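First up is the structure itself, then whatever we jot down about it.
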Amino acid sequence: MLVGIALAVWALVRLALGYPRRDPALRQLSARDQAFVRAAADAVFPPGGALAISGAEAGTLAHVDRYVASLSPRSRVLIRLLFFLLEHATLFFPAPGWDGFRRFTSLTPAQRAAVLEGWGRSPLAVRRTVFQSLRAVLTMAYFANPTVLRAMGLAPLAIESPVVDADLLYPPIGQPRSAVRATPADRERCVPRTPLDPHGPLDPAYREPA
Amino acid sequence: MNDPRAWPGSVRVFADYDRDFRLDADVVVVGSGPCGAVAAYELAAAGKSVVLCEEGPPFTPADYEIDGALSMSRTMREGGLRFTSGTVLPTMQAIALGGGSLVNSAMCNRTPDFRFQEWAEEAELSRTSRAELEPHYDAIAEFLGIAATPDEVQGRRNLLFRDGCKALGYSAESCPRNVVGCRGSGECFTGCRPRAKQSMDISYVPAAIRLGAQVLTSVRVERILASGRRATGVEGRVAAPFTGAPGPSFRVDAKAVVLAAGVVATPLLLQRSGDLANASGQVGEHLQFHPGTSVLGVFPDPVEPVFGATQGYQSLHFLREGFKLETLWAPPGVLAVRMPGLGHPLKQALLDMRFASVFDGIVSCRRSEGRVRERGRSLHPAMRWTFHPDDAAVLGRAIWHMAEIFFAAGARKILPGVAGVPDELHSLAEAEVLRTRRLRPSDIVVASTHVFGTTRMHGDARRGVVDEDLKAHDMDNLYVVDTGVFPRSPAVNPMFTGMALARRSALALAGRV
Ligand SMILES: Cc1cc2nc3c(=O)[nH]c(=O)nc-3n(C[C@H](O)[C@H](O)[C@H](O)COP(=O)(O)OP(=O)(O)OC[C@H]3O[C@@H](n4cnc5c(N)ncnc54)[C@H](O)[C@@H]3O)c2cc1C
Ligand code: SF4
Chain A
3 MLVGIALAVW
13 ALVRLALGYP
23 RRDPALRQLS
33 ARDQAFVRAA
43 ADAVFPPGGA
53 LAISGAEAGT
63 LAHVDRYVAS
73 LSPRSRVLIR
83 LLFFLLEHAT
93 LFFPAPGWDG
103 FRRFTSLTPA
113 QRAAVLEGWG
123 RSPLAVRRTV
133 FQSLRAVLTM
143 AYFANPTVLR
153 AMGLAPLAIE
163 SPVVDADLLY
173 PPIGQPRSAV
183 RATPADRERC
193 VPRTPLDPHG
203 PLDPAYREPA
Chain B
19 MNDPRAWPGS
29 VRVFADYDRD
39 FRLDADVVVV
49 GSGPCGAVAA
59 YELAAAGKSV
69 VLCEEGPPFT
79 PADYEIDGAL
89 SMSRTMREGG
99 LRFTSGTVLP
109 TMQAIALGGG
119 SLVNSAMCNR
129 TPDFRFQEWA
139 EEAELSRTSR
149 AELEPHYDAI
159 AEFLGIAATP
169 DEVQGRRNLL
179 FRDGCKALGY
189 SAESCPRNVV
199 GCRGSGECFT
209 GCRPRAKQSM
219 DISYVPAAIR
229 LGAQVLTSVR
239 VERILASGRR
249 ATGVEGRVAA
259 PFTGAPGPSF
269 RVDAKAVVLA
279 AGVVATPLLL
289 QRSGDLANAS
299 GQVGEHLQFH
309 PGTSVLGVFP
319 DPVEPVFGAT
329 QGYQSLHFLR
339 EGFKLETLWA
349 PPGVLAVRMP
359 GLGHPLKQAL
369 LDMRFASVFD
379 GIVSCRRSEG
389 RVRERGRSLH
399 PAMRWTFHPD
409 DAAVLGRAIW
419 HMAEIFFAAG
429 ARKILPGVAG
439 VPDELHSLAE
449 AEVLRTRRLR
459 PSDIVVASTH
469 VFGTTRMHGD
479 ARRGVVDEDL
489 KAHDMDNLYV
499 VDTGVFPRSP
509 AVNPMFTGMA
519 LARRSALALA
529 GRV
């Protein structure tokens, strides 16, 4: 009986307590998810170094939340299960050190990196797949930050879209057909059609703030 | 006729549906991807009244997301997170007017004759050869302006592939694509902002509307209606863009039904319509892919990969050995997913991407197969597929040849992305491990966007779902025209062959309704 109660208390503390308050601006992720994504993002993309901005600084958490919100309910559950799994898998694949069994978010940054490294380099293909899935979510979110893409020289270039017949047929998604603004004359508008210059101006969303 | 708003056909969008509705047509086509769009156009051109049903919305440049993850969540089924069980294989199917053509790289390859001969032997076909399909390939090529990718938009990352192949004596071809006026933005995956790619939403679909076709977007066909050997129409619900939330119901009665919902969705529709057209038991079986993987090569000078056609060069040199090599670009965040490691070494590797080119190899598998089934009673698929070790070994050879081509082109290192092999290899001598080791399926991170086989064409009604006109063996007026009808891999990228087969089928059907 006592053992049962002790286990229940331990499970409660491990699973639910001690997380920082949930950022209410984020729609999808729970307090635990948020803490995990923040910690994992900084383990994958730590502060400093050649590409100075860290995962957390790059706004990875907000992007992951937005991404998760855009998914189907089933995909959402899968992603959140992935976070849950890695948060608690230290019970079976602990971090180095006597306290390596603590949940992922309670580990030191070095321990977190070691844990993820262990998943990524595991001889078990399924563990590598789990790691790759997490890293895919975090990497895509990191790359959504314009500063990151600019630093890498890979920010999208400015492009003006010419008007074609289809633009007179389809409104922007979710709007009625009366929202079609293009007219037949717009098709004649002169828009550059030459090869892009890789050193040309960036898309406005990726330009350095003035 | 110069103003599309005055064309005889029409397009309806989500905001247009405020009540249940019912339509009549000679032919109803389900799915507006490359195969369905060609079929709808040819039927309309033959004077038939056509209703084209598409679950996804039309995307305009204002709707494109340049960011890879957000784009996938809008344009791909299951937000781009679809994968098979068995061997975990991520795979993407689009949900948009134009289907896969909205997000694909526009490579238009004709299936080689040797592969058609194999199809003919294995699937007992007598009228499906390169020569038979040539007029259909030609007509589509002319309509879409399919042409080799010009050198001035290749960008260095594509030309390095050409140079490496040339140095080794391997063939290298500039990719033929359905693109007119490419600017080399490398953004085919998120939608072509320069409107150069002739995706179906801006080519065949408007052309069909011009000829009188009615296009219903954001409608999900949920059932094919049938009576005995005759299909009588389809019914379903309006589906809200991105959420799929069901709206009013609709029904289209038609003299013939053409299914082009794609390799994954078409068998589900048949299964959920009382296991229609499945006396053979083959619907949903033989799920096949071109599993592929990419290798990244880093060069001494900046490659500036942000410029260049998405997939501008390819080598058909190894087709008979079972694989094809290509160049590849995608949103950097998507490409970076396959970089090794984490922490500061990963960040350093990311900075190398400006100096990088990416090649990929795809395998036309001989032994890897699976199946697709309904998950519960939904239109969501449960896909199972197993990567056979023999096919994985072929992919291993593709990886080795990509390494060779990179070093021949002057790369200073490559990132092969193979488990058990160093993250970085700095010379051909170091890369030798890729040649000598037989790779196992679990050593390689694979993905695939080329799918076929689940409604295969077969001369024997007991062993396939459709005949050579793509008419269901068991039905008098039900056709399946998507790439699910391929009996096996087409050896090259599938879209063009799917369209050619769809065109032939539509012309045959036009003579029958
Ligand atoms: C990223 C990517 C890159 C690719 N690059 C190339 C390439 O360069 N060259 C090449 O040859 N191939 C390429 N492919 C593959 C190619 O796009 C597909 O082979 C091709 O789109 C298949 O055409 P389809 O008409 O059979 O099916 P799809 O294009 O899948 O179209 C099926 C359509 O049916 C709709 N639909 C499904 N279910 C329903 C329903 N119940 N009701 C109504 N509508 C429904 C879907 O929303 C979809 O629009 C690529 C694919 C992807 C995803
Ligand atoms: S490379 Fe760019 S311009 Fe060329 S077809 Fe693709 S998206 Fe369009």
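Chains as they are written, first to last, in this note's numbering: chain A, 3 to 212; chain B, 19 to 531. Each residue gets a CB set at the ideal place from its N, CA and C atoms; glycine is no exception. All values derive from a computational prediction rather than experimental measurement.
Confirm, please, whether the CB-CB distance from residue j to residue i is below 8 Å.
{"i": "leucine 41 of chain B", "j": "glutamate 486 of chain B", "result": "no"}
{"i": "leucine 2 of chain A", "j": "leucine 369 of chain B", "result": "Outside the modelled stretch of chain A, which goes from 3 to 212, sits residue 2 of chain A, for which no answer is possible."}
{"i": "cysteine 200 of chain B", "j": "threonine 250 of chain B", "result": "no"}
{"i": "serine 312 of chain B", "j": "arginine 356 of chain B", "result": "yes"}
{"i": "histidine 304 of chain B", "j": "glycine 471 of chain B", "result": "yes"}
{"i": "leucine 294 of chain B", "j": "alanine 374 of chain B", "result": "no"}
{"i": "isoleucine 164 of chain B", "j": "cysteine 126 of chain B", "result": "yes"}
{"i": "threonine 473 of chain B", "j": "valine 484 of chain B", "result": "yes"}
{"i": "alanine 214 of chain B", "j": "valine 197 of chain B", "result": "yes"}
{"i": "alanine 60 of chain A", "j": "phenylalanine 47 of chain A", "result": "yes"}
Can you tell me which of the three DSSP states residue i falls into?
{"i": "glutamine 134 of chain A", "result": "helix"}
{"i": "serine 236 of chain B", "result": "coil"}
{"i": "leucine 488 of chain B", "result": "coil"}
{"i": "leucine 462 of chain B", "result": "With the sequence shown as reference, residue 462 of chain B is identified as isoleucine, and leucine is not the correct amino acid for it. Of the three classes helix, strand and coil, the one that applies to isoleucine 462 of chain B here is strand, per DSSP."}
{"i": "cysteine 210 of chain B", "result": "coil"}
{"i": "proline 264 of chain B", "result": "strand"}
{"i": "phenylalanine 32 of chain B", "result": "helix"}
{"i": "glutamine 30 of chain A", "result": "coil"}
{"i": "methionine 142 of chain A", "result": "helix"}
{"i": "valine 252 of chain B", "result": "strand"}
{"i": "leucine 73 of chain A", "result": "coil"}
{"i": "isoleucine 242 of chain B", "result": "strand"}
{"i": "aspartate 478 of chain B", "result": "coil"}
What residue does the alpha helix (DSSP H) around residue i start on, and which one ends it?
{"i": "methionine 517 of chain B", "result": "513 to 528"}
{"i": "phenylalanine 161 of chain B", "result": "148 to 162"}
{"i": "glycine 414 of chain B", "result": "407 to 426"}
{"i": "leucine 452 of chain B", "result": "446 to 454"}
{"i": "tyrosine 497 of chain B", "result": "That residue, tyrosine 497 of chain B, is in no alpha helix (DSSP H); its beta strand (DSSP E) goes 496 to 498."}
{"i": "threonine 472 of chain B", "result": "No alpha helix (DSSP H) contains threonine 472 of chain B, which DSSP labels as neither H nor E."}
{"i": "leucine 343 of chain B", "result": "Here leucine 343 of chain B belongs to no alpha helix (DSSP H); instead the beta strand (DSSP E) covers 341 to 345."}
{"i": "aspartate 131 of chain B", "result": "131 to 141"}
{"i": "asparagine 176 of chain B", "result": "173 to 186"}
{"i": "isoleucine 161 of chain A", "result": "Unbroken run through isoleucine 161 of chain A: none, as it is neither H nor E."}
{"i": "valine 352 of chain B", "result": "350 to 353"}
{"i": "cysteine 53 of chain B", "result": "52 to 63"}
{"i": "lysine 365 of chain B", "result": "361 to 369"}
So residue i is in the beta strand (DSSP E); what residue range does that whole segment cover?
{"i": "serine 375 of chain B", "result": "374 to 381"}
{"i": "cysteine 71 of chain B", "result": "68 to 71"}
{"i": "aspartate 44 of chain B", "result": "39 to 48"}
Closer than 8 Å, CB to CB, is residue i near chain B or not?
{"i": "aspartate 67 of chain A", "result": "no"}
{"i": "tyrosine 172 of chain A", "result": "yes"}
{"i": "leucine 159 of chain A", "result": "yes"}
{"i": "alanine 41 of chain A", "result": "no"}
{"i": "glutamate 119 of chain A", "result": "yes"}
{"i": "aspartate 167 of chain A", "result": "yes"}
{"i": "arginine 105 of chain A", "result": "no"}
{"i": "aspartate 35 of chain A", "result": "no"}
{"i": "valine 46 of chain A", "result": "yes"}
Hey, does residue i have any beta-carbon neighbour from chain A nearer than 8 Å?
{"i": "histidine 362 of chain B", "result": "yes"}
{"i": "aspartate 408 of chain B", "result": "no"}
{"i": "threonine 109 of chain B", "result": "no"}
{"i": "threonine 78 of chain B", "result": "yes"}
{"i": "methionine 420 of chain B", "result": "no"}
{"i": "methionine 94 of chain B", "result": "no"}
{"i": "glutamate 72 of chain B", "result": "no"}
{"i": "glycine 97 of chain B", "result": "yes"}
So who's on the other strand from residue i, going by DSSP bridges?
{"i": "threonine 311 of chain B", "result": "B/Gly379"}
{"i": "tryptophan 403 of chain B", "result": "B/Gly104, B/Gly388"}
{"i": "tyrosine 331 of chain B", "result": "B/Ser192"}
{"i": "methionine 94 of chain B", "result": "B/Ala112"}
{"i": "isoleucine 432 of chain B", "result": "B/Gly315, B/Leu443"}
Could you work out which residues of chain E lie near residue i, taking near to mean beta carbons separated by less than 8 Å?
{"i": "aspartate 319 of chain B", "result": "Annotation note: the requested chain E is absent from the structure, which comprises protein chains A and B."}
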